[in-house]
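Student: Numbering (full-length UniProt numbering), first residue to last: 1 to 753. The beta carbon of each residue, even a glycine, is placed where N, CA and C say it ideally should be. First, the structure itself, so that you have it in front of you.
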């Protein structure tokens, strides 16, 4: 038994770099699983805790006039309803949205400093405070009135601070502040707004959708017209954080398993080679009375030790890394930090899953070899290279010696070949996904909704206007939009937009680039794809405002990348929904217009290029991290494979040296045999990336109703291929040095054995 223990130590010492590479692969899988579940769990605890403790709204709505009896409506619907006020103040370098502090719904929490104690005080969101160069204790002037900044705050209905509901990413220079009701009333025109905006939280936390419909029916029965109805699940200011949580939870397990399975393959190859090389010794020990169980236990100690070390190291590193990652993610959201938390079950999975998988794979290999008879083991036939079915099926006689040698080299070790192909495919997939994600986000923002506007300024009103009372000048067009969802798919929400037949404010082209008529029903390509409909099909839509259902026939498909909307003639929309002729709620203009800002729900100005400077900023860290991960995966895998190839061909290398082959010639003969497998792995990585991206983007679309187009750039494919080949060439160059250290006496030694 002592001899076997020494043998295990010698194996680890002789192949320390290979086992270190396997440890890295296991470490990456364990690290990713622990970090992803830890970040998602910590963020989920923070988001859910904040929502519960501060009474985050279940929905917000706006009516044409203030509600007469809020208490009675709340009692009848089993909810808490509170009026909300806001006022946008234009500053030299941004816009601050002043909000009144909620007492029952959307109660702010103070992050730093203290709460409001009277008039003339304000709480700002931390990012706006920093971006504007302000400080707690300092001052800010809003519409001529000085305010003292007494602290920073997080507001439950502005977890993700977006200026408008339909924005994808925050607008540069926009922030929120909390002021007293008296200060809000003092703002110019703030008290003159005839509409009413309210936040609602239901006391019964089950069946929110049914309670929402009941409340909507009660409001309409009271004679009120609803101009905005936004549930928390559809509100990106609230749901964006949940989208991050869901995507991390969805991808944490399969990505980690992929790393562990790669480790299983290469560990199996190494264990098989080790046990086969010891077959004579094992046969002798069997003859001396050792049992197979004892032999299995000792050889199994190697993969179990490697797996356990990698898993524990990955878990411990993740424990250290989760805190900074959570802090980084919290900086993108306006949330109170409540620390990190880990599920004991997830920590156990991070350690046990790779250990069990690698141990089981190794056990199968070990038992298959150790199960042979003593006489067979003592012959040493296990050490000899055997011709398998694949090699027999290949017509090698037609090739010259070098080509035949390379093909045979790969065909004789199917597990090693499989590991190389899958490993390169994984590295290619990760690297290409990082580049594709960055490109897809750029296309969605730079060639998506912003490019859609021919007229660059969009004004959205808090209540419906009419062309008879408020006609529009030349260079301005009316639009009427209502929020709808397909019947039976409440989470897939989008805008049904009414446009004038001669409208030019929006660019609408079909998939071939031809202009689409405005006097018909047009649907964007991403939305049509999600609904599974095309030209000539009908779709049943339900209004989010009043629950009314409408049936539309699709006449055209709008070329789009990520936008989801349907357009139809504005007169038909008003007639279908029961609004008076000439009704509109949005204006697109090619010039600035003098509207009362207190009657506006939001303004989108696409002329200012600096307003969207930060659209690509969040993707930079993702691209950098996944590229570094891909390089690390490729280096580890290619090093392990080239190292194994050289070690398995020590006898052949020595013979080639005796025959007069030079080092470069031997290196080309031995190491270049993997080139077709590397190329095949890259080719396989492209469809794998597409499948992975579609799955991830599908989770995002289902969670936060945001479509990210999968836009693969040919340049990025070429860059990924060049990077993989470059890593392969560098790894070969470094590994070729080992060829020099193999003496010619190795051939004589092998013959003697």
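Per DSSP, which residues does residue 230 bridge with? Please list them.
Tutor: For the purposes of this step, residue 230 is taken as residue 230 along the chain shown, with counting starting at 1. According to DSSP, residue 230 bridges with 60.
Student: According to DSSP, residue 458 sits in a beta bridge with which residue or residues?
Tutor: Translated into the one-based positions of the chain shown, residue 458 becomes position 458. DSSP lists 588, 604 as partners of residue 458.
Student: Determine, using beta carbons only, whether residue 64 and residue 232 come nearer to each other than 8 Å.
Tutor: The residue labelled residue 64 in the question sits at position 64 within the chain shown. The residue labelled residue 232 in the question sits at position 232 within the chain shown. Contact: no.
Student: Using DSSP's beta-bridge definition, name the partner residues of residue 174.
Tutor: Start at 1 with the first residue of the chain shown, and residue 174 comes out as number 174. 95, per the DSSP bridge assignment.
Student: What are the start and end residues of the beta strand (DSSP E) that includes residue 477?
Tutor: Residue numbering aside, residue 477 sits at position 477 when the chain shown is read from its first letter. That run of the beta strand (DSSP E) goes 476-486.
Student: On the three-state DSSP scale, how would you describe residue 495?
Tutor: Here residue 495 corresponds to residue number 495 of the chain shown, with the count starting at 1. The answer is strand: DSSP assigns residue 495 an E or B state.
Student: For the alpha helix (DSSP H) that residue 329 lies in, which residues bound it at each end?
Tutor: Numbered from 1 along the chain shown, position 329 holds the residue referred to as residue 329. Counting along the chain, the alpha helix (DSSP H) containing residue 329 begins and ends at 292-332.
Student: Is there a Cβ of chain B sitting closer than 8 Å to that of residue 496, yes or no?
Tutor: Protein chain content of the structure displayed is limited to a single chain, and chain B is not contained in it.
Student: Do three or more CB pairs link the segment 71-90 to the segment 199-208 at distances below 8 Å?
Tutor: Touching, per the Cβ criterion.
Student: If I follow the unbroken alpha helix (DSSP H) through residue 522, where does it start and stop?
Tutor: Your numbering for residue 522 matches position 522 in the chain shown. That residue, residue 522, is in no alpha helix (DSSP H); its beta strand (DSSP E) goes 522-524.
Student: Let me confirm a value: residue 613 is counted as buried when at least 16 other C-beta atoms fall within 10 Å, else exposed. Which label applies?
Tutor: Position 613 of the chain shown, counted from the first residue, corresponds to residue 613. Note that residue 613 scores a pLDDT of 48, beneath 50, so its modelled location is shaky; the value from the coordinates is reported in the next line. Classification for residue 613: exposed.
Student: Leaving out the 5 sequence neighbours to the left and right, which residues in its chain are closer than 6 Å to residue 543 when beta-carbon positions are compared?
Tutor: One-based indexing of the chain shown puts residue 543 at position 543. Taken in chain order, the residues that qualify are 482, 484.
Student: List the residues that DSSP assigns as beta-bridge partners of residue 539.
Tutor: For this step, residue 539 is matched to residue 539 along the chain shown. Beta-bridge pairing links residue 539 to 552.
Student: In the structure shown, what three-state DSSP assignment does residue 569 receive?
Tutor: Counting from one through the chain shown, the residue named residue 569 turns up at place 569. The answer is strand: DSSP assigns residue 569 an E or B state.
Student: If you reduce the DSSP assignment to three classes, tell me which class residue 149 lands in.
Tutor: Here the question's residue 149 lines up with position 149 in the chain shown. Note: residue 149 maps to strand in three-state DSSP.
Student: Is it the case that the Cβ atoms of residue 466 and residue 583 are separated by a distance below 8 Å?
Tutor: Residue mapping note: residue 466 aligns to position 466 of the chain shown, counting from 1. Residue mapping note: residue 583 aligns to position 583 of the chain shown, counting from 1. Yes.
Student: Alpha carbon to alpha carbon, what distance is there between residue 444 and residue 563?
Tutor: If you number the chain shown from 1, residue 563 lands on position 563. If you number the chain shown from 1, residue 444 lands on position 444. Looking at the two C-alpha atoms, the distance is approximately 8 Å.
Student: Quick check: residue 709 and residue 440, are their CB atoms within less than 8 Å of each other?
Tutor: On the chain shown, residue 709 is found 709 positions in, with the first residue counted as 1. On the chain shown, residue 440 is found 440 positions in, with the first residue counted as 1. A contact, by the Cβ cut-off of 8 Å.
Student: From residue 40 to residue 33, what distance separates their C-alpha atoms?
Tutor: The residue labelled residue 40 in the question sits at position 40 within the chain shown. The residue labelled residue 33 in the question sits at position 33 within the chain shown. Approximately 11 Å, taken between the alpha carbons.
Student: Under DSSP, the beta strand (DSSP E) around residue 142 begins and ends at which residues?
Tutor: Within the chain shown, numbered from 1, the residue matching residue 142 stands at position 142. Start and end: 139-142.
Student: Do you know offhand how far residue 455's Cα is from residue 500's?
Tutor: As a working note, residue 455 is residue 455 in the chain shown. As a working note, residue 500 is residue 500 in the chain shown. Straight-line Cα distance between these residues: approximately 14 Å.
Student: Rounded to a whole number of angstroms, what is the C-alpha to C-alpha distance between residue 597 and residue 242?
Tutor: In the chain shown, residue 597 corresponds to position 597, counting from 1. In the chain shown, residue 242 corresponds to position 242, counting from 1. Roughly 32 Å separates the two Cα atoms.
Student: Ignoring anything shorter than 4 residues, give me the alpha helix (DSSP H) runs that lie fully in the UniProt domain "ABC3 transporter permease C-terminal" (626-743), in order along the chain.
Tutor: List check, alpha helix (DSSP H) in window: 650-658, 663-671, 675-704, 714-735, 737-740.
Student: Ordered along the chain, which non-local residues of its own chain (more than five positions away) have a Cβ less than 8 Å from that of residue 359?
Tutor: Your numbering for residue 359 matches position 359 in the chain shown. Closer than 8 Å at the Cβ level, and outside the excluded window around residue 359, lie 300, 303, 304, 307.
Student: Determine the DSSP secondary structure at residue 183, reduced to helix, strand or coil.
Tutor: For the purposes of this step, residue 183 is identified with residue 183 of the chain shown, where counting begins at 1. Note: residue 183 maps to helix in three-state DSSP.
Student: Which same chain residues, not among the five before or five after residue 256, have their C-beta less than 6 Å away from its C-beta?
Tutor: Numbered from 1 along the chain shown, position 256 holds the residue referred to as residue 256. So the qualifying residues of the chain are 29, 32, 33.
Student: My parser needs the beta strand (DSSP E) runs of 3 or more residues fully inside the segment 66-131; what are they?
Tutor: You should have 79-84, 86-91, 94-100, 109-113, 121-124.
Student: Start and end of the beta strand (DSSP E) containing residue 511?
Tutor: Position 511 of the chain shown, counted from the start, is the residue given in the question as residue 511. Note, residue 511: premise wrong, no beta strand (DSSP E); not H, not E.
Student: Reducing DSSP to helix, strand and coil, say where residue 430 ends up.
Tutor: Your numbering for residue 430 matches position 430 in the chain shown. Correct three-state label for residue 430: helix.
Student: Can you tell me whether DSSP reads residue 406 as helix, strand or coil?
Tutor: Within the chain shown, the letter at position 406 stands for residue 406. Note: residue 406 maps to helix in three-state DSSP.
Student: From residue 414 to residue 288, what does the alpha carbon distance come to, in whole angstroms?
Tutor: Here residue 414 refers to the residue found at position 414 when the chain shown is read from its first residue. Here residue 288 refers to the residue found at position 288 when the chain shown is read from its first residue. If I take the Cα positions, the gap works out to 34 Å.
Student: How big is the Cα-Cα spacing for residue 453 and residue 474?
Tutor: The count along the chain shown starts at 1 and reaches residue 453 at position 453. The count along the chain shown starts at 1 and reaches residue 474 at position 474. Whole-angstrom Cα-Cα distance: 17 Å.
Student: With three or more C-beta pairs closer than 8 Å as the rule, is the segment 62-79 touching the segment 330-345?
Tutor: Short answer: they don't touch.
Student: Use the C-beta contact count for residue 42: other C-beta atoms within 10 angstroms, 16 or more gives buried, fewer gives exposed.
Tutor: Your numbering for residue 42 matches position 42 in the chain shown. Classification of residue 42: buried, given that the 10 Å Cβ count is 16 or more.
Student: Starting from residue 34, follow the alpha helix (DSSP H) in both directions and report where the run begins and ends.
Tutor: Within the chain shown, residue 34 is the residue found at index 34, counting from 1. Per DSSP, residue 34 belongs to the alpha helix (DSSP H) from 16-53.
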